[in-house]
Structure formats: structure tokens, C-alpha cells
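**Student:** The structure's right below; bear with me while I get my questions together.
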Amino acid sequence: MSVSTAFAPAPAPAAATGAVPAPLPVLGRDVTVPLVTGGEVGYAALDYAASAPALQRVWDDIAAYAPYYGSVHRGAGHLSQLSTELFENARRTVADFLDCRDDDQVIFTRSTTDSLNLLARALPAGCEVFVFETEHHAALLPWRAADVTFLDAPRSPAAAVRTLQRALAARDTARPALVCVTGASNVTGELWPVRELAAAARASGARTVLDAAQLVPHQAVSVRELDVDWVAFSGHKLYAPFGSGVLAGRADWLGAAEPYLAGGGASRTVARGADGGVEVEWQDGAARHEAGSPNVIGAHALASACRALTEAGPEALAVRERHLLGLLRAGLAEVPEVRVLTLFGEDAPRVGVLSFVVDGWNSSHLAAALSAEYGIGVRDGLFCAHPLVHALLGTDPAGRAGCGTGSLNAVRVSFGAGTPDEDVLRFVTAVRELVTRGAKWTYRTENGRCVPES
Ligand code: PMP
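The sequence shown begins at 1149 in the numbering used here and counts up by one.
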């Protein structure tokens, strides 16, 4: 029995409405939430950029496998062997999903944050790192022990390439270098010119890591075509919220580095040395950085999501997403008080992620009212990208505001393959009502958050 087929039920067929494909089935569509004004309403999950709901298909795959779960790599029993095969198949599925080169390796981590920290620990001696200040903190902060150059926020994709080229022109090419780029911004949703940035890096002898946390849920990513050296992403943003992430790419730097975690699985042999200490020979390959018992369910879920998205077809998903973006943009355009945050311009290509502020509204107040009065889940804040959001808002990083005052942060709405039209339409109607008529309830600030008065 092949493990990948044994635990992979056929996907539910998606019924098409006109030219726009139907959303993919996800968990939670039938969940209702209480309204502060009384009654219950179906929850509109519009915070996919933080964490996306599990695909029904992923859940089914996990349920089918769960009874066969066993420890991987070291067990002699049948289920251990089955689970080991499943875990290693998941690695190959991810490599195919990312169109990796033949000699790339896929390391299972906990998340994008974990993946980028792992790579940061594996930088060769003397490595310089170049990163835009616009990055998510997970991509901004791990390099601080290295010689890192923070690049100013560019105002167009072409300016991003020029800024990087200028910075790289000044570098000492005798030293190794890494450029960290984002695929799609978790704040503006805008797409970054990954291929061009990677080419600029390559021309200067530098390597590239792509933070694809917000890209893989929305677009096919080809490591070969983009010519990046590593890709990092998280399962929980890819409809597989079961604790797994990925760092995929070149094996050499990671193979030469000390293991990320010291422990079983990463060690080939361990013996007491003549000096009374412990001598260890570390594993090569992915195992070197996967010490401890791996998250088999998480890896299986992540691979299941990769298969489901591939089968649904990236083009069909993109058609649906463009349709939802159209509904969102048209709805928000009817509210003149709304200002959409953008680095590259209103019409720049983006994924289903959009942040905005509303004149006269504190963003936390608006987000709290959307939840409490309409059952709509969005996010407000600085989205773990403080330098970017402050630059977009033109705000003082030290500023603070209560519920009733002007906006010092933004509201983010985000969606994906499981989002029905209805959720986006409910959202734009709710924003319009709140802005024109005001909130029905009163709110206060509690522990820095806006909450309804009880
Ligand atoms: N990069 C980007 C662009 C993100 O949006 C996020 C999550 N918001 C991360 C990295 C970090 O992902 P995780 O929290 O899964 O580690």
C-alpha cells in the first residue's frame, strides 16, 4: 500500500458559479458567534493572513491517518514504518509543491519564524545580511547577530531592486551574503519583485531566502523559476494549522552548521570521550536540524494542503481571489473615509490581504465593532511589521491611543481559498454602516485593546 494514496481521500468537487470557481471547503463555516447587540451570526473569518482555517480535505487526511500514527525513524513496528514513509513522502510533496531543485532539502520546522531563525543560525562566518525594513519581524529580527544592513522602504518594485543593487554594490564580495526578501507583504498584500531581487543578489554573489508565508497560500511558488536559495513558510497560513513549517532549499550552509537543536535524531553516534565528556557525530541532511520527535501529523497536514491547492489549480484560486479583491475594493471605494495602505500604489498587484485606516476612527475601535456587532473577524494593530506600518501611517513609534482617538494602527482584512463572496460583502456593508451611522455599542480600552462595555 502506498501511504500517500492510502491517506488521501479524493477532494470534494468545487461547484463553479459562472467563471468564478467556488471556495474550497474549510472547517468553521458553520460556526456561529454571539453579537453584543443580541443573537448569533455565522462567523466571517477574514483574518487568513494571521491563520487560515483548515481545509476540509486536510482534516479528512489527518483523520484517515490518525489511527495509524506511530513514532517515526526509529521504531521497528509496522505503524512506525508506515509513519516514517508518510513523513518522508510529505517532504517530497513539499519539494514538488515548491518546484525545488533536485539537490534541495526540505526541513520541517514549526513555522516561518522558526525556519528563518534556523537559517540565521546557519550563516557562514562573516556573512552579511541585507533585508528591507518593511519585512515582518520574523524576517527582520533573526539576523541581528550577523552583519545586517536594513534597507529603506522602497516606493515601487523597481525602486526595491535599485535599492538592493546599490547596497550590494558596496559590499565586500569576498564575504558570503544573504538577501532576505518577502513574497507578499502581510500588511499591504503587495507582491514584491522576488525574481528581480534574487537576480540582483545572484549577480553580486549573494544568496536569497524568500519569506513566502503570505505568498504560498495565494500563488504557485517555483524555487527554480524564482531562482531563490531558500523558501520559508508556515502550515497554519496554508490551511494546515497543525504546528508545521518549512525551510526548503540549499543544503550546504545548513549541512556545515551546528544543529539548530541538539538531541536525538540529529545525532548519528554519541559516546563518552577519553576526557570524560560526550562526543557526538551529527547527522547530515534535514535530520541534522530536526532533533527530537518530529510533528508527523503537522507535516502530513501541510503536505495534504500542498496537494489540495495543486489539485484545485493555482490559476482557479487566483481567479477567485481576484474576484474577492474586486468586491472588496469596490465596496471600500464607496466609503470616502477609508484610506488603503500601500507602498507601491493603489493598483499594485496584491494577494488577498489589505490594510486600511478610516478617518476619524481608531482602528481598534472599528475592528472591535466589526466583531462585536457583526461577527466579522479581522485584525487591527501593527501586524508584527512596526517599521512598515509606521512608515505607511506616518506615525510616531512611541504613540499610543485609546478607543475614541485617531488611528495609530490599521485594520487588516484578509481572505483566501475558503472565503465565500458573502463574507467580503458582509464586511464592506458593515464598514459602510459603521462609518456612516457610527457604532451601536460603546467600547472602552482594556489592556490596550478595545472591548465592548458590558
Ligand atoms: N512572514 C510573514 C510575511 C508573515 O505574515 C508571518 C506571519 N504573520 C511570518 C513571517 C511569521 O509566520 P509564523 O508566525 O507562522 O512564524
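Quick reminder that beta carbons are idealized off the backbone N, C-alpha and C, glycines included. None of the values given here were measured: they were computed from a predicted structure.
Give the secondary structure of Pro1161 by DSSP, where H, G and I count as helix, E and B as strand, and everything else as coil.
**Tutor:** Low confidence applies to Pro1161: its pLDDT is 41, below 50, so where it sits in the model is not reliable, and the reading given next is rough at best. The answer is coil: DSSP assigns Pro1161 none of H, G, I, E or B.
**Student:** Closest to Leu1134 by C-alpha separation, out of Thr1180, Val1277 and Thr1336, would be which residue?
**Tutor:** Nothing in the structure corresponds to residue 1134, since the chain is present only between 1149 and 1602.
**Student:** Applying the criterion that 16 or more other CB atoms from any shown protein chain within 10 Å of the CB defines a buried residue, is Lys1385 buried or exposed?
**Tutor:** Buried: at least 16 other Cβ atoms inside 10 Å.
**Student:** Which residues end up in the neighbourhood of the ligand PMP when you take C-beta atoms closer than 5 Å to any of its heavy atoms?
**Tutor:** After applying the 5 Å Cβ criterion, the set is Ser1259, Thr1260, Thr1261, His1284, Ala1286, Asn1334, Asp1359, Ala1361, Gln1362 and Ser1382.
**Student:** Would you report the Cα separation of Arg1335 and Pro1568, rounded to the nearest angstrom?
**Tutor:** Checking the displayed sequence, the identity of residue 1335 turns out to be Val instead of Arg. Straight-line Cα distance between these residues: approximately 22 Å.
**Student:** So Glu1281 and Ala1301 are supposed to be a Cβ contact under 8 Å. How far apart are they, rounded?
**Tutor:** Contact flag correct, Cβ pair sits at about 6 Å.
**Student:** What is the rounded straight-line gap between the Cα of Glu1601 and the Cα of His1513?
**Tutor:** Roughly 12 Å separates the two Cα atoms.
**Student:** So, does the region 1361–1375 touch the region 1230–1241, judging by three or more C-beta pairs under 8 Å?
**Tutor:** With the cut-off at 8 Å, the region 1361–1375 and the region 1230–1241 do not touch.
**Student:** From which residue to which residue does the beta strand (DSSP E) around Asp1359 run?
**Tutor:** Element bounds for Asp1359: Arg1355 to Asp1359.
**Student:** Thinking just about the alpha-carbon of each residue, which of Ala1197, Val1179 and Arg1249 is nearest to the one in Ala1565?
**Tutor:** Out of Ala1197, Val1179 and Arg1249, Ala1197 has the C-alpha closest to the C-alpha of Ala1565.
**Student:** Relative to the C-alpha of Thr1232, which residue among Gly1412, Tyr1522 and Val1444 is closest?
**Tutor:** Per the Cα distances, Val1444.
**Student:** What is the residue span of the alpha helix (DSSP H) that Pro1462 lies within?
**Tutor:** First-last of the alpha helix (DSSP H) with Pro1462: Pro1462 to Ala1481.
**Student:** For Arg1258, which option in Val1505, Ala1286 and Phe1245 has the closest C-alpha, if you only look at C-alpha atoms?
**Tutor:** Among Val1505, Ala1286 and Phe1245, the Cα nearest to that of Arg1258 is on Ala1286.
**Student:** May I ask you to verify whether the region 1286–1295 touches the region 1386–1394, counting CB pairs closer than 8 Å and requiring at least 3?
**Tutor:** The region 1286–1295, when compared against the region 1386–1394, does not touch it at the 8 Å Cβ threshold.
**Student:** With Gly1403 as the anchor, note down where its alpha helix (DSSP H) starts and where it stops.
**Tutor:** Segment Asp1400 to Ala1404, the alpha helix (DSSP H) holding Gly1403.
**Student:** Below 7 Å between beta carbons: does that hold for Ala1434 and Gln1253?
**Tutor:** Yes, Cβ-Cβ distance for Ala1434 and Gln1253 is below 7 Å.
**Student:** Below 8 Å on the Cβ atoms is my contact criterion, and I expect Tyr1191 with Gly1500 to pass it. Report the Cβ-Cβ distance as a whole number of Å.
**Tutor:** About 18 Å separates the two Cβ atoms, so there is no contact after all.
**Student:** By the three-class DSSP mapping on this structure, what secondary structure does Pro1600 have?
**Tutor:** Strand.
**Student:** Just to confirm, are Ala1332 and Gln1362 a CB contact at a threshold of 7 Å?
**Tutor:** Yes, the Cβ-Cβ distance between Ala1332 and Gln1362 is below 7 Å.
**Student:** Reducing DSSP to helix, strand and coil, say where Arg1292 ends up.
**Tutor:** DSSP places Arg1292 in coil when its eight states are reduced to three.
**Student:** Measure the alpha-carbon distance for Leu1489 versus Val1572 and round it to whole angstroms.
**Tutor:** Each residue's Cα considered, the two are about 18 Å apart.
**Student:** Here's the rule: buried if 16 or more other CB atoms are within 10 angstroms of the residue's CB, otherwise exposed. What is Ala1410?
**Tutor:** Flag for Ala1410 reads exposed.
**Student:** What does the Cβ neighbour count give for Val1364, buried or exposed, with the cut at 16 atoms within 10 Å?
**Tutor:** With 16 or more other Cβ atoms within 10 Å, it is buried.
**Student:** Going along the chain, which residues of its own chain have a beta-carbon closer than 8 Å to the beta-carbon of Val1506, five neighbours each way excluded?
**Tutor:** Once the five neighbours on either side are set aside, the close Cβ partners of Val1506 are Val1483, Glu1485, Val1486, Arg1487, Leu1514, Ser1555, Val1559, Val1579 and Val1583.
**Student:** Going by C-alpha distance, which of Thr1261, Leu1475, Leu1227 and Gly1596 is nearest Ala1214?
**Tutor:** Nearest of Thr1261, Leu1475, Leu1227 and Gly1596 to Ala1214, Cα basis: Leu1227.
**Student:** How about Leu1491 and Glu1344: do their beta carbons lie closer than 7 Å?
**Tutor:** Not a contact, by the Cβ cut-off of 7 Å.
**Student:** By Cβ distance, which residues of its chain are closer than 7 Å to Phe1245, with the 5 residues on each side in sequence left out?
**Tutor:** Closer than 7 Å at Cβ, skipping near neighbours: Cys1454 and Thr1458.
**Student:** Just checking my contact of Val1309 with Pro1341 at CB under 8 Å: how many whole Å lie between their CB atoms?
**Tutor:** The Cβ separation is near 6 Å, so the contact holds.
**Student:** Could you give the uninterrupted runs of the beta strand (DSSP E) lying entirely in the region 1228–1294, keeping only those of 3 residues or more?
**Tutor:** If we require 3 residues or more, the beta strand (DSSP E) runs fully inside the region 1228–1294 come out as 1253–1257 and 1276–1280.
**Student:** Taking Cβ to Cβ, would you say Ala1405 is nearer than 7 Å to Gln1431?
**Tutor:** No, Cβ-Cβ distance for Ala1405 and Gln1431 is not below 7 Å.
**Student:** Using DSSP with H/G/I as helix, E/B as strand and the rest coil, what is Ser1150?
**Tutor:** The predicted model places Ser1150 with a pLDDT of 41, which falls under 50 and marks its position as unreliable; any figure quoted below should be read in that light. Looking at Ser1150 - three-state DSSP - the assignment turns out to be coil, as it is neither helix nor strand.
**Student:** For Gly1424, does the count of other Cβ atoms within 10 angstroms reach 16, so buried, or fall short, so exposed?
**Tutor:** Gly1424 is exposed by the Cβ-count criterion.
**Student:** Which word fits Ala1481, buried or exposed, when buried means at least 16 other C-beta atoms lie within 10 angstroms of its C-beta?
**Tutor:** Classification for Ala1481: exposed.
**Student:** Tell me the rounded alpha-carbon separation between Ser1562 and Val1329.
**Tutor:** About 21 Å.
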